[in-house]
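Notes follow the structure.
Protein chains: 2
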Amino acid sequence: MEKKITIKDIARLCGVSITTVSRVLNNKREGVGEETVERIRHVISDLKYQPNVVARSMITKRSHTIGLILPDIRNPFFSELARGVEDVCNRLGYGCFLCNTDGDIEKEDKYIQLLRGRVADGILFTTQNNVESNEAFLEFQSSGFPFCFIERYIDEMPDVPGVYFDNFNGARLITEYLIDRGHRRIAFVSGPLTTHNARQRRDGYLEALKLRGIQADEQLIVEGNYRYDGGYQAVSLFTGQRKVAYTALFASNDLMALGALQNLEERGYRIPDDISLAGFDHIAFPPVLRPTITTIEIPAYEFGVSSATLLFSLMRGESPEQTKIVFSPKLVEKGSVRSI
Amino acid sequence: MEKKITIKDIARLCGVSITTVSRVLNNKREGVGEETVERIRHVISDLKYQPNVVARSMITKRSHTIGLILPDIRNPFFSELARGVEDVCNRLGYGCFLCNTDGDIEKEDKYIQLLRGRVADGILFTTQNNVESNEAFLEFQSSGFPFCFIERYIDEMPDVPGVYFDNFNGARLITEYLIDRGHRRIAFVSGPLTTHNARQRRDGYLEALKLRGIQADEQLIVEGNYRYDGGYQAVSLFTGQRKVAYTALFASNDLMALGALQNLEERGYRIPDDISLAGFDHIAFPPVLRPTITTIEIPAYEFGVSSATLLFSLMRGESPEQTKIVFSPKLVEKGSVRSI
DNA sequence: CTGTTAGCGCTTTCAA
DNA sequence: TTGAAAGCGCTAACAG
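First to last, the sequence lines map onto chains A and B. Using our numbering, the first residue of the first sequence is number 5, and each one after it goes up by one. Using our numbering, the first residue of the second sequence is number 5, and each one after it goes up by one.
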C-alpha cells in the first residue's frame, strides 16, 4: 500500500495553503483566483489525489452513508427493495451499508449500534420484532438519529417516519375476490402475529368474511412465519391434522403460498382445479415459471425508493409534510383461483 | 440529535486521563489498575458511551468495512453471494457496502474510487467488463489496495486474487451430457464474449463437441448477454431468422435458458419433448416452480464466503497459500433434457 | 482573494 | 500504573 497523498502535498506542490486547496475541493466561495483554481485542479488530477473521506467526516459529522437493515437480502422482496434504496443513494452520492439480521433482534440491535456510531447518517429499518418493547431500540428511537421504518408499522409509535402498505385493505380485497368467486371455506395462513402487518392482513381477511356474512372458523386459521416452510407446514396442519375442508387457501405472502402449494401438490391436489390459492407480495420470478399465484402487489422497488427519499429528507433536517407514506393494494390475477 | 458523549467526558467523570480510558477501550496493556478499569467500564456502560469509529479509523487507518461491487443485487445469484459475504463480515465485526453497477464500467470506477478513499479496507469485485484495458482500474490494481475478484478471471492478470469457477469443464460436462443423450445439433447461447467466463463456457462446449467428434456449426452459436432477454432473442435468431434445426439448446446461464424457454413455448415447442434445454448457474427458485432446468451448479453462497475469507486474509497482510480458489462443476439434473 | 489557527475524537509514543 | 502531548487529514471561523 503506497503512501497516501494528502491535502498538504497538494498545497505544497501548488505553493498555496491547505485552506485554499480545501476550498477548490469543496467548490466553496469561488473567491479563489481563477488561475489558482486551475493550477490546483491540475495538480489534483495529475496526482490522482483523493481526499480522505474519514478526515472529512470527522469535521462535517457526516459519513455520506446510510444503513439498510433487513432480514435477508436473498428474499426477492428485499433485494428488489435494496436496489431501490441503492439507486437513490447512488444518485445522491451516498453509500449503502447492507445489514442482514434474519429477524434476530440481537443482530438488529447490534447493527443499530454500529451504524449510529457515526458510520451512517441515517438508517432504514425493517423488522418483524416487537421493537416497541425493546429498551435498546427505544433509547435509539428517542436519540433523534434519523431513521425510517419500512413496512413495520408500530401502533405504539405513530410518529415514527416510515413507508407502509395498506395491508388491511389488501387482504380484504383478495379475500373478497375469493368469496366473490364462490369460495366460503377459505383457509388462512398469517404472518407472525407479533408484527403489525401480519395482524393487519389477518384483520383484512376477517373483515372481508364479515362483510360478506361468512362466519370465520378458527380451524381455518393458522399462524405462519412468512417463510416457505411456514406455508408448507400450514397445509400439513389443515389437511393433515385438523382435516378441515376448504376450497381456497390464502397465505399472507407469496413465499408461504408457494410452500403451501408444494405440500398440496405432494398430497395430490391440483391448483386451481382442486384448491384455489392466493398470496400477498407479488414476488418477481421469471414469467415462464409456473404456476403463478394470484396475489396483492407490493411494489418493493418503489418501497426502497420512497423510504430512502424520505430518510434523506429527514437527514437534511427537513420536516417532510408526509412522514408516513402508505402504498395502496393492487390485485394481480395470475390464474391460481377458479370460480366454483 | 443530542450531543454525543466522547472519551473526554468519560475521562473527566472518572477522574483519569483520556489515555487511560482509551486503554481500557482497547483492552491494551492490562497494566491499568484493576480498580480503575472497573470504574471506567462502569461509567462507559452507564452512559452507553460508544467510541467514535470515525475518529478511530483516522488513526488506525481501518474502517472495518469492505465494499462489494456487483452488477445487480436483484439477480438471485448475487443476492445469494452477498449473503455469504455479509455473513463472514458480520462474524468478523465488519460492515459491508453494497454497490450495484449494472455492469456499467463508469459506475464500477466510481465505486472503486469511493471505496478506496478509506471508506473500505478491501474490495470484492465482480465485473463483466474488460477491466484489464481500463486505465483507472489498472492504476487501482497496482496501488496494492486489497481486493479480490469474483468469477471474473482475467488472462492478463494471473496474479490477482480471486474466486473462480471451472467454467470450461462445467460447460464441457453438460454438453457431453447432452451428446450422450443423443443430441448432436445443440444450439448454444454464450455470455458476453468480452468476459473470460463466457469464453470458457463456449470453449467447453466446443471441446465437448470435438471430443465426441461432432462438427461445430456457427449457425448454432450466438452471443448472449446473461440476461433473460438474451435467451429470448437467441431463440428468435435460431428458430426465427436462421431457421436452423436443433434438438437441444444450451444457454450459458439459467436466466438466459428461461428466456429461451419462454420464446420456445410461445412458438409452441414443449420442453423437453420437442427440445431439450440446459442452463448454467443453478439459480435458486422455490422448488415448486416449473419447469426446472438441468444445469451446472455454481455455489453462490460459498462463493461469497470464500471470496470474503480470502479478502480478509489479504487485508490482514497475509499471503494465503491459495490466492486463487477454483470451484468445480457439478451437474444437476432437473428434467429439461430427454434422450433421443 | 488567501492564509493562520484551532480543533473534530481518538490512539500512540514518550515520560513520569 | 498513569498522563501529557503530538498528531491522523481535513474544514471552518477569523483575519488580513
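Ideal placement from N, C-alpha and C gives every residue a C-beta, glycine not left out. What you are looking at is a predicted structure, and each value in this text was computed from that prediction instead of being measured.
- Task: State the Cα-Cα distance for the pair T298/B and P276/A, rounded to the nearest angstrom.
- Result: About 27 Å.
- Could you tell me the boundaries of the alpha helix (DSSP H) in which I225/B lies? Here I225/B belongs to no alpha helix (DSSP H); instead the beta strand (DSSP E) covers I225 to E227.
- Item | C-alpha distance - R189/B paired with D278/B, whole-angstrom precision | Roughly 13 Å between the two C-alpha positions.
- Alpha carbon to alpha carbon, how far is D13/A from Q54/B? Taking the straight line joining both Cα atoms gives about 34 Å.
- Message: Closest to F81/A by C-alpha separation, out of F284/A, K338/A, E337/A and G339/A, would be which residue?
- Response: Per the C-alpha coordinates, the member of F284/A, K338/A, E337/A and G339/A positioned closest to F81/A is F284/A.
- Item | beta strand (DSSP E) runs contained entirely in the segment 126–170 of chain B, provided each spans 3 or more residues | Correct list: 126–129, 151–154 and 166–169.
- Got a sec? Which residues, its chain only, sit under 6 Å from I218/B by beta carbon, not counting five neighbours each side? So the qualifying residues of the chain are R188.
- Query: Nearest to V330/A by CA position, among Y157/A, I287/A and S194/A, is which residue?
  - Reply: Closest by alpha carbon: Y157/A.
- Could you name the residues that DSSP lists as bridge partners for C103/B? According to DSSP, which records beta bridges pairwise, C103/B is partnered with I73/B.
- Per-residue DSSP class, three states only, for E301/A: Strand at E301/A.
- Return no unless some Cβ of chain B is closer than 8 Å to the Cβ of K12/A. With a threshold of 8 Å between beta carbons, K12/A makes no contact with chain B.
- Could you confirm whether any beta carbon from chain B is found closer than 8 Å to the beta carbon of P324/A? Chain B, which has no Cβ nearer than 8 Å to the Cβ of P324/A, makes this no.
- Query: How many whole angstroms separate the CB atoms of F175/A and Y209/A, which I take to be in contact at a CB cut-off of 8 Å?
  - Reply: The displayed chain sequence assigns Ala, not Phe, to residue 175/A. At roughly 5 Å, the Cβ-Cβ gap stays under 8 Å, so A175/A and Y209/A are in contact.
- Query: At least one CB of chain B closer than 8 Å to the CB of M260/A: is that the case?
  - Reply: No, its Cβ sits nowhere closer than 8 Å to a Cβ of chain B.
- Message: Along the chain, where does the beta strand (DSSP E) containing F254/B start, and where does it finish?
- Response: Counted as a single uninterrupted DSSP element, the beta strand (DSSP E) harbouring F254/B occupies residues A252 to A255.
- Query: Looking at F169/B and E155/B, is the spacing between their C-beta atoms short of 8 Å?
  - Reply: Remark: C-beta atoms of E155/B and F169/B approach each other more closely than 8 Å.
- Message: L142/A and I70/A - do their beta-carbons sit closer together than 8 Å?
- Response: Contact: no.
- Could you check if L213/A is buried or exposed, using at least 16 other CB atoms within 10 Å of its CB as the buried criterion? Burial of L213/A is indicated by the presence of at least 16 other C-beta atoms within 10 angstroms of its C-beta.
- Mind reading off the beta-carbon distance from L315/B to C152/B? Whole number of angstroms is fine, and I expect it under 8 Å. Between L315/B and C152/B, the beta carbon gap of about 4 Å places them in contact (Cβ cut-off 8 Å).
- Task: Run the proximity test for D258/A: is its beta-carbon closer than 7 Å to any non-hydrogen atom belonging to the ligand FMN?
- Result: As for the ligand FMN, it is missing from this structure, which has no ligand bound.
- Chain-ordered neighbours of R87/B on chain A, where CB pairs are closer than 8 Å: For R87/B, the C-beta contacts it makes with chain A under 8 Å involve D76, I77, R78 and N104, in order along the chain.
- Message: Please report the distance separating the alpha-carbon of A15/B from that of V57/B.
- Response: Rounded to whole angstroms, A15/B to V57/B spans 18 Å at the Cα level.
- Short-range partners of chain A found in the segment 108–122 of chain B, where Cβ spacing is below 9 Å: Answer set for the segment 108–122 of chain B: K111, K114, Y115, Q117, L118, L119, R120, G121 and R122.
- Message: Please give me, in chain order, every unbroken run of the beta strand (DSSP E) with length at least 3 that falls completely inside the segment 35–93 of chain B.
- Response: 69–74, all fully within the segment 35–93 of chain B.
- For R27/A, count neighbouring Cβ atoms within 10 angstroms of its own Cβ and tell me buried if that reaches 16, exposed if not. Flag for R27/A reads buried.
- Item | Alpha carbon of Y98/B to alpha carbon of N138/B, nearest angstrom | Cα to Cα, Y98/B sits roughly 30 Å from N138/B.
- Message: When you compare the CB positions of T130/A and I77/A, do they come within less than 8 Å of one another, or not?
- Response: The beta carbons of T130/A and I77/A sit no closer together than 8 Å.
- Query: Among all the DSSP beta bridges, which residues are the ones paired with F192/B?
  - Reply: Residue pairing from DSSP places F192/B in a beta bridge opposite I225/B and F254/B.
- Would you call the segment 289–298 of chain B and the segment 324–339 of chain B in contact, with 3 or more CB pairs under 8 Å? Yes: the two stretches touch, three or more of their Cβ pairs being nearer than 8 Å.
- Task: Quick one: using the 10 Å Cβ neighbour count with 16 as the cut-off for buried, is M5/A buried or exposed?
- Result: With a pLDDT of only 48 at M5/A, under the threshold of 50, the placement of this residue in the model should not be trusted; the figure read from the coordinates follows. Here M5/A is exposed, its C-beta having fewer than 16 other C-beta atoms within 10 Å.
- Query: With a CB to CB cut of under 8 Å and the five nearest residues on each side skipped, what residues in its chain are close to G228/B?
  - Reply: Taken in chain order, the residues that qualify are V193, S194, G195, P196, G234, G235, Q237, A238, A255, S256 and M260.
- Task: Return the first residue and the last residue of the beta strand (DSSP E) that A282/B is part of.
- Result: Annotation for A282/B: the continuous beta strand (DSSP E) segment containing it runs S280 to A282.
- To the nearest angstrom, how far is it from the Cα of I183/B to the Cα of A249/B? Looking at the two C-alpha atoms, the distance is approximately 15 Å.
- Task: For K247/B, write down the residues that DSSP places opposite it in a beta bridge.
- Result: Beta-bridge analysis with DSSP links K247/B to no other residue.
- Item | Where M5/A sits in the DSSP three-state scheme | Its pLDDT being 48, under 50, M5/A is placed unreliably by the model, and nothing is read from it.
- Query: How about G263/B and Y232/B: do their beta carbons lie closer than 8 Å?
  - Reply: Y232/B sits close to G263/B, with the two beta carbons spaced by under 8 Å.
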